[in-house]
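Here the sequence shown stands for residues 518 to 794, where the numbers follow this note's numbering. Below is one structure, written out as structure tokens; the observations come after it.
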Amino acid sequence: MRILVTGANGMLGTDLCEILKDEDLIAASHKDLDITDLEMVKSKFNEYMPDVIINCAAMTNVDACETEKDLAYSLNAEGPKNLALATKEIDGTLIHISTDYVFKGDKHRPLRENDEIGPDSVYGKSKLQGEEAIENILDKYFIIRTAWLYGVHGPNFIKKMLELSENHDTLTVVNDQEGSPTFTKDLSIAIKEIIYSNKYGIYHVTNSGNTTWYDFAKLIFEKKGIDVNVEAVSSEEFAAPAPRPHYSVLSHDKWIKNGFTELRDYKDALDEYLQLL
Ligand SMILES: NC(=O)c1ccc[n+]([C@@H]2O[C@H](COP(=O)([O-])OP(=O)(O)OC[C@H]3O[C@@H](n4cnc5c(N)ncnc54)[C@H](OP(=O)(O)O)[C@@H]3O)[C@@H](O)[C@H]2O)c1
518 MRILVTGANG MLGTDLCEIL KDEDLIAASH KDLDITDLEM VKSKFNEYMP DVIINCAAMT
578 NVDACETEKD LAYSLNAEGP KNLALATKEI DGTLIHISTD YVFKGDKHRP LRENDEIGPD
638 SVYGKSKLQG EEAIENILDK YFIIRTAWLY GVHGPNFIKK MLELSENHDT LTVVNDQEGS
698 PTFTKDLSIA IKEIIYSNKY GIYHVTNSGN TTWYDFAKLI FEKKGIDVNV EAVSSEEFAA
758 PAPRPHYSVL SHDKWIKNGF TELRDYKDAL DEYLQLL
């Protein structure tokens, strides 16, 4: 089984390649394979002939997507479409990573794969277009919607909180967004599980349990023994450029029903992560 990972130098891509290091693996960075260039994608696929392609490349700066719309759509919608077209030509399987931001976030129960979507942000809309292109082109695909990622190899909320606590006594953190923080190492182990599966489709995969950014920040400082005052603010008060879902906890029912392993609780994953930093 030959596996090609795109966006291999990103936060998830790096952990995923580590988890897959004993497989027949081609780790393609942005420089090696530009997913927005269809001819390049087709030619690299014909050269490598992978059985499975895992797309970790994306534009993930949610706020920047609001102002750099063309780039967001090119990376998050056209890119996956190119990968799907090239995957079809070689009769491969595409595993694509998507996001909880495809949901509006106005429901208050864990969201299922077939629940109504309705992204408000450019990031969410562009990622949704990517999903739709794959579904239209391919039969052999997995779309993994995940959320609130953090890993050792990229900027993330935990690193930001720890960095800010070094020179601030008080931090303001939003308390009206609820989700499941997810360790990229745990997600990578989950992705490895589906590589040899043919139970294609969309799946929701995050660490178990859920929290708000405010409670998560407090937990991080408590676990690290850092004395900093955390003040709760609303999303409206925080006024980030891109709108975010208020509630985007993803249901794991389909994942578990299909025999895949539920990911550990986000608090246990956080413990391991903090040891690694
Ligand atoms: N981060 C989160 O909280 C989060 C939450 C839910 C879902 N996701 C999804 O999870 C996936 C992985 O996210 P991540 O946080 O690991 O992303 P990331 O760290 O931002 O990595 C994205 C990678 O894509 C590469 N890339 C950019 N343009 C490219 C192009 N034209 N062709 C090929 N590669 C290109 C980047 O390379 P350069 O840096 O060299 O340009 C980078 O290595 C994404 O699909 C994202 O939408 C992320």
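By construction, the Cβ of each residue, glycine as well, lies at the ideal position given by its N, Cα and C atoms. Since the model is a prediction, treat every value here as computed from it, not as a measurement.
What does DSSP give as the partner residue(s) for residue i in the beta ladder?
i, result
"I536", "BP columns for I536 are empty, so no partner."
"R519", "D541"
"H670", "Per DSSP, none; premise fails for H670."
"H613", "N572, I660"
"Y764", "E695"
"E748", "T689"
"L628", "L767"
Please classify residue i as buried or exposed, where buried requires at least 16 other C-beta atoms within 10 Å of its C-beta.
i, result
"R761", "buried"
"M566", "exposed"
"G742", "exposed"
"R626", "exposed"
"A575", "buried"
"A756", "exposed"
"N599", "buried"
"D782", "exposed"
"I661", "buried"
"H685", "exposed"
"T701", "buried"
"Q792", "exposed"
"K561", "buried"
"I773", "exposed"
"G776", "exposed"
"S682", "buried"
"Y713", "exposed"
"D532", "buried"
Residue i and residue j: beta carbons closer than 7 Å?
i, j, result
"S697", "T723", "yes"
"I634", "F620", "yes"
"A594", "S643", "yes"
"L767", "D617", "yes"
"A589", "V669", "no"
"V747", "L688", "yes"
"G622", "Y764", "yes"
"G527", "I570", "no"
"S615", "E648", "yes"
"K771", "E630", "yes"
"D568", "R519", "yes"
"T699", "L736", "no"
"A759", "E583", "yes"
"S709", "I543", "According to the sequence as given, residue 709 is Lys; it is not Ser. No, Cβ-Cβ distance for K709 and I543 is not below 7 Å."
"L645", "P636", "yes"
"A581", "D703", "no"
"T553", "G596", "yes"
"A749", "M678", "no"
Item checked: the segment 686-702 in contact with the segment 715-730 per 3-pair CB rule at 8 Å -> Judged by pairs of C-beta atoms under 8 Å, the segment 686-702 touches the segment 715-730, as three or more such pairs exist.
Note to self: To test your reading of the DSSP string, which unbroken beta strand (DSSP E) runs of 3 or more residues are found completely within the segment 680-741?
What the structure shows: As far as the segment 680-741 is concerned, its whole beta strand (DSSP E) runs of at least 3 residues are 687-691, 718-721.
Check: Quick one: any contact between the segment 569-589 and the segment 521-533, if contact means 3 or more CB pairs under 8 Å?
Finding: Touching, per the Cβ criterion.
Note to self: Would you call the segment 602-617 in contact with the segment 736-751, where contact means no fewer than 3 C-beta pairs closer than 8 Å?
What the structure shows: The answer is no - the segment 736-751 does not touch the segment 602-617, with fewer than three Cβ pairs under 8 Å.
Next item on the list: Would you mind listing the alpha helix (DSSP H) stretches within the segment 767-792 that are 4+ residues and don't spill past its ends, in chain order?
Entry: Runs of the alpha helix (DSSP H) inside the segment 767-792: 770-774.
Note to self: Whether or not the segment 642-658 and the segment 714-721 are in contact is what I'm after, with contact meaning three or more pairs of Cβ atoms, one per stretch, closer than 8 Å; do they touch?
What the structure shows: Between the segment 714-721 and the segment 642-658, the count of C-beta pairs closer than 8 Å reaches three or more; the two stretches touch.
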